[in-house]
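First residue of the sequence shown? That's 748 in our numbering, and the numbers climb one at a time after it. Don't be surprised by glycine CBs; every beta carbon is placed ideally from N, CA and C. To start, the structure under review is shown below, and the notes come after it.
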Amino acid sequence: YVGESERAVRTVFQRARDSSPCVIFFDEIDALCPKRSQNESSGGARLVNQLLTEMDGVEVRKQVFLIGATNRPDIVDPAILRPGRLDKILFVDFPSPSDRADILRKTTKNGTHPKLKEDVDFDKLAGLPELEGFTGADLAALVHEASIIALKARLFTDDASVDAVSMEHFEKAIQNIRPSVTDADRKKYLRMKEIYGVKGRVRGVTANGDHPQRRSASTICIVSHDIMATESTGTDTEFIDSFEVLHLLHHSQSTDTVVQRNVQQQLDMLNGHQSFCCYLVHILSGMKEEQEASRSLAGLILKNNVRSQWTKYPDDVREFVKTNTLASIADPSPLIRATVGIIITTIVVEENGVGHWPTLLPYLGHLLDQPDPNMQEGSMGAIQKIFEDSGDRLDTEQHVHPLMPKILSFFSSESAKMRGLSMNSVNSILMINNDPISAVIDEFLQQLFGRAHDQDPEVQKQLCRSLTLLLDSHFEKLAPHLPNVIDYIIMKTQDPNENIAVEACEFWLSLAENSDVCKELLSPFLGKLIPVLIKCMRYSESDIIALKGNCDEEDAMIPDRDEDIKPRFHKSKVAAGQVNGEVWLLQDPDDDGSDETYAEWNIRRCSAASLDVLASIFKQELLPILLPILKEALCHPEWEVKESGILALGAVAEGCMNGITPHLHELIPFLLNMLDDKKPLVRSITCWTLSRYCSWVVDEARDLYFEQTLKGLLVRVLDGNKRVQEAACSAFATVEEEGGDFIAPYLSDILQTLVQAFGIYQAKNLLILYDAVGTLANSVGNALSQPAYVQVLMPPLMEKWQRLGNDDKELFPLLECVSSVASAMGIAFLPYCEPVYTRCITLITQSLHQSVEAQQRPNEVEMPDKDYLIVALDLLSGLAESLGAHIEPLVGRNEVLQLLSLCAVDPTPEVRQSSFALLGDLTKACWHHIKPYTQTFIPILAMNFDPSHISVCNNAIWAFGEMSLKMGAEMKQYVLSILPHLIRVMNQKDGQRTLLENTAITIGRLGTYCAEEVAPHLVTFIRPACFSLRNIRDNAEKESAFRGICYMINLNPSGVVNDFVFLCDAIASWSTPKPELKEMFSRVSLPEIVFFCSCLLRFSFCLTINFNFKNKM
748 YVGESERAVR TVFQRARDSS PCVIFFDEID ALCPKRSQNE SSGGARLVNQ LLTEMDGVEV
808 RKQVFLIGAT NRPDIVDPAI LRPGRLDKIL FVDFPSPSDR ADILRKTTKN GTHPKLKEDV
868 DFDKLAGLPE LEGFTGADLA ALVHEASIIA LKARLFTDDA SVDAVSMEHF EKAIQNIRPS
928 VTDADRKKYL RMKEIYGVKG RVRGVTANGD HPQRRSASTI CIVSHDIMAT ESTGTDTEFI
988 DSFEVLHLLH HSQSTDTVVQ RNVQQQLDML NGHQSFCCYL VHILSGMKEE QEASRSLAGL
1048 ILKNNVRSQW TKYPDDVREF VKTNTLASIA DPSPLIRATV GIIITTIVVE ENGVGHWPTL
1108 LPYLGHLLDQ PDPNMQEGSM GAIQKIFEDS GDRLDTEQHV HPLMPKILSF FSSESAKMRG
1168 LSMNSVNSIL MINNDPISAV IDEFLQQLFG RAHDQDPEVQ KQLCRSLTLL LDSHFEKLAP
1228 HLPNVIDYII MKTQDPNENI AVEACEFWLS LAENSDVCKE LLSPFLGKLI PVLIKCMRYS
1288 ESDIIALKGN CDEEDAMIPD RDEDIKPRFH KSKVAAGQVN GEVWLLQDPD DDGSDETYAE
1348 WNIRRCSAAS LDVLASIFKQ ELLPILLPIL KEALCHPEWE VKESGILALG AVAEGCMNGI
1408 TPHLHELIPF LLNMLDDKKP LVRSITCWTL SRYCSWVVDE ARDLYFEQTL KGLLVRVLDG
1468 NKRVQEAACS AFATVEEEGG DFIAPYLSDI LQTLVQAFGI YQAKNLLILY DAVGTLANSV
1528 GNALSQPAYV QVLMPPLMEK WQRLGNDDKE LFPLLECVSS VASAMGIAFL PYCEPVYTRC
1588 ITLITQSLHQ SVEAQQRPNE VEMPDKDYLI VALDLLSGLA ESLGAHIEPL VGRNEVLQLL
1648 SLCAVDPTPE VRQSSFALLG DLTKACWHHI KPYTQTFIPI LAMNFDPSHI SVCNNAIWAF
1708 GEMSLKMGAE MKQYVLSILP HLIRVMNQKD GQRTLLENTA ITIGRLGTYC AEEVAPHLVT
1768 FIRPACFSLR NIRDNAEKES AFRGICYMIN LNPSGVVNDF VFLCDAIASW STPKPELKEM
1828 FSRVSLPEIV FFCSCLLRFS FCLTINFNFK NKM
């Protein structure tokens, strides 16, 4: 659906919310949300705005997680990539030799399809240089080509010995197959990798590299068409009794949890039989006398099995399921007909279309011609589901066009059910493909307008949806009718049936895709539309009941349910990582952007979103209509009306900010007063709306309202209502980010409030509280280290730390919170270091132990979540960096270095990345503990000097540079083996800036103590090293590099003669070098260099460099 229109995007999000927890994957996201220009108002810009609204606008997204893929991250709109949205970036690289070997095994099913000879060595084949740059598709093509070559050899030479594909066939195939990604494209991807790469010392990025699963093969045979199965295991035949299965289905509806658990265990065992689906089909279609609920349940279990195992079923099993399921499509029971439709569309999805079931759609079309109403309804229901789930897999001319006239004929059916189903069928295909109705558009519009006064709610809902979809697909046909359509949709937006109202309201969001057209068409109707939208933003009676809106009782002490607590993921200190020509974008699911937890997409949310996008189009033009309505709503005695006005004020904050600004001196005090309203829903929406205007408060009215806003939100952080707590805590975190250093004077009050919150918050809001504390630490930094503040914050924080178990849901966000606090406090954190340090060691030990067990017993033990390992390593690294030598006693009394040596060879790049950061920090903090392990770590570091993994390589080189400073002349034994790797990284074209800077510093440091060994190679790296060093600000690391370079030049002056201008430029980059370093610069003036300096005068650009250089001398 993605890419057709904003309407399709909203539909995707709504379906995801209905199916939560759910992951939405956007492929080619650059096409969906390209960069917007400043004045752009195209449909693309509207689509980007809709995505942003779904991510963090007034609507709520619960347990809906977003992933996008693109090979053009450079054209993705930057707003999409900001923190809290799609802010984690992973680069998917080309397969490595080991990956290629795994792909070949998977493609050939471990050498069985096609059959391979024993001389085929996957590892040897994958390691051939000719396969460098091959993608998974290229490798599949290679296998296919080798099979064709083997087949030709057998057919044309009649050589009976050619009974399988051999290594020789693969070698011949390699000559015919070329990588589908050209060298130019690879270089382009690598440049993107550098641009979107990791900067600085990265502590870890969440990513999992899944390898092909190994599945044991068990042969299942179907005995005739009797519903019996045997499993070929070398034992006696095992029979399944249909009535036993039916008995299990009956018991599955028991309210006894023990009975349910036993039933589930037995069903799980039966699912292992490939023929079990035949029993389920028999119960669904053949046992018509059985209970409807049991038959439907059998069908739903069958649907799940089809989804998970369809490709494993033998052909006769698949044919049996298809034939017998379709036989019940006209069942007298509507529930069974619907279940059959679900199974059919699931099969079509698993078979990637109807290519393997070519008779399906013609047969369903034939059923529409039959007089049996059940047959018509079952067929139309199946068609609608197929169009919805697999419309993009159907050929328009072959599959859809023949059905369209039949479907349209049912728009005027006497059966309201068939009218609704037929309209839904057209809408389902229209969402993803415009072509099917192009040939019948006039008839479609005629039939559509004929349903304007239809009294059936489903028909009205589908009519509004059709009008919305036509805005995207056939605007030119709808345009002459739009004035009447707009009037009609305004009326339907107010429909008492909320399902109809929501579909009508979607029309405004779709119309706003083209801001120019929207502005022209809607300008005459704004006076009618805006009051309707604001009225629809009021809570409905059902909403108020569900949210207990009329109940003013406090619920802060009522524990949360497990399902209320959202999952959390590690937020790396740098939100980017690389791994195949594509950049993957991950979004944290935590940031709802709204105060509400009532997750259904309803008329309130749709109206607020519509007002938001209209405000961005009409801007100040909206205010003459909007402000009187807002004034009336904000002063209204009924709380529901007032609350909707506050929501509307927040919704227009971005679009109408310039026009609203003159009124904010009245509105901000009003909102601050509303923080004390007696209704929790009013207080919560007020917190959200205040956060929408906090940037203005900080930048324009800090002296007037900043303190009031801050203290007002702090009061609400301790509200007795959990929904208000959540909204206030989230809003306060926004104020922390916007306020930065300005909140430092209020730290005492802030900390007192947050500490009190630790005592009253339930599990769900504690996650938000941890984030607020971490944001506070990041915002105020070292100001948090004052003893008084430490004494206030740390005891309750450590009480939570001690109370939580290692598998508690709260531990993960608490680890991140403590990491931020430790970095901010520095040495002041020392008294609390030991339990934190010990817990991190425990988490690392458990993770490594579980990894070993999972490798030894893969069927019994799952691989651990590496996020816990990464965040524990990162927290230890933060402790070492903050506490310095004070961490030494803890390092000396446990096995941290043995654990670190294991983490340093972990197959997950992010684990190694965090390991090397910790190694470098420990080297600086307590070298004598690291020194005995140098022979272990240095070879490991050298193996990771691979710029294809930028973050890992960066941290490894940085850690090696720290070790070289500590080892001094003892590093000489490693220089000759390590230096070529460093020079290779230093000379990579268009290398990532921070990686090159760290490499230049490390080489310079080697020159400090190993100048005799490094100086002969000076000519191979001096130019790129000078390029990199000139961009670093004056600091100790830069100084240590220049000292080493000066030592090397004195030993080998000829090595720098040809690049002396670049050395001058690098020296000139210093602002205030220390006297000792200036003296070293002055000695870099040997005869060869003096001669070359005379040549510099030929180049005008060198004059300034020479002048600055003299100043440094």
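Return the CA-CA distance between Ile1083 and Arg1042, expressed in angstroms with no decimal places. 7 Å
Could you have a look at Phe881 and say whether DSSP puts it in helix, strand or coil? Residue state, collapsed to three classes: coil.
To the nearest angstrom, report how far apart Pro1230 and Val1279 are at their CA atoms. 17 Å
Buried versus exposed, by CB contacts within 10 Å (16 or more), Phe772: exposed
State buried or exposed for Cys1700, treating a residue as buried only when at least 16 other CB atoms are found within 10 Å of its CB. buried
What's the C-alpha gap between Pro1542 and Pro1534? 12 Å
Would you mind listing the alpha helix (DSSP H) stretches within the segment 1166 to 1226 that are 4+ residues and don't spill past its ends, in chain order? 1182 to 1185, 1188 to 1196, 1204 to 1220, 1222 to 1225
Near Ser1861, which residues of its chain fall below 7 Å by C-beta distance, leaving aside the five closest residues on each side in sequence? The displayed coordinates of the chain run from 748 to 1860. Any statement about residue 1861 would go beyond what the structure contains.
Hey, out of Gly1088, Cys1773, Gly1274, whose CA is closest to Phe1807's CA? Cys1773
Determine the burial state of Gly1639: buried for a count of at least 16 other Cβ atoms within 10 Å of its Cβ, exposed for fewer. exposed
With a CB to CB cut of under 7 Å and the five nearest residues on each side skipped, what residues in its chain are close to Gly1459? Leu1419, Leu1422
Return the CA-CA distance between Arg1770 and Ala1783, expressed in angstroms with no decimal places. 21 Å
By Cβ distance below 6 Å, which residues in the same chain neighbour Val1444 in space, the five residues on each side in sequence not counted? Tyr1452, Phe1453, Thr1456
Straight-line gap, Lys864 to Met914 (C-alpha atoms, nearest Å): 8 Å
Between which two residues does the beta strand (DSSP E) harbouring Ala816 extend? 811 to 817
Quick one: Cα of Gly1506 to Cα of Phe812, how far? The C-alpha of Phe812 is placed about 30 Å away from the C-alpha of Gly1506.
Start and end of the beta strand (DSSP E) containing Phe773? 769 to 774
With which residues is Thr859 paired in a DSSP beta bridge? BP columns for Thr859 point to Lys862.
Host alpha helix (DSSP H) of Asp1263 (start-end): 1262 to 1269
Taking 8 Å as the cut-off, decide whether the C-beta atoms of Ala1632 and Phe1684 are in contact. no
Taking the straight line between their C-alpha atoms, what separation do you get for Ile1393 and Leu1381? 7 Å
I need the straight-line Cα distance from Asp1063 to Leu851, nearest angstrom please. Cα to Cα, Asp1063 sits roughly 29 Å from Leu851.
Are Ile1730 and Thr1767 touching if we call contact CB-CB under 8 Å? yes
Would you mind sorting Arg1065 into buried or exposed? The rule is 16 or more other CB atoms within 10 Å of its CB. buried
Which stretch, first to last residue, makes up the alpha helix (DSSP H) that contains Trp1443? 1441 to 1447
Helix, strand or coil for Phe1768 per DSSP? In the structure shown, Phe1768 sits in coil (DSSP, three-state: anything other than H, G, I, E or B).
Range covered by the alpha helix (DSSP H) that runs through Asn1018: 1004 to 1018
Which of helix, strand or coil does DSSP assign to Cys1580? helix
Would you give the residue range spanned by the alpha helix (DSSP H) that Leu872 belongs to? 869 to 873
Exposed unless 16 or more other CB atoms sit within 10 angstroms - verdict on Glu753: Glu753 comes out buried.
Based on the DSSP output, what are the partners of Pro781 in its beta bridges? Val823
Please list, in chain order, all residues of the same chain as Ala763 whose beta carbon is under 6 Å from its beta carbon, the five residues on each side excluded. Cys769, Ile771, Val811
Below 7 Å, is the gap between the Cβ of Pro1542 and the nearest heavy atom of the ligand MG? Absence of the ligand MG is noted for the structure shown, with no ligands found whatsoever.
Thr984 to His860, Cα distance in whole Å? Unreliable placement is indicated for Thr984, whose pLDDT of 28 sits below 50; the coordinate value is still reported in the next sentence. The straight-line gap from Cα to Cα measures roughly 28 Å.
When DSSP labels each residue in this structure, what does Val1147 get in the three-state scheme? helix
Residue from Ala1478, Asp1424, Thr1408, Glu1401 whose Cα sits closest to the Cα of Cys745: Within the shown structure, residues of the chain are numbered from 748 to 1860, placing residue 745 beyond reach of any answer.
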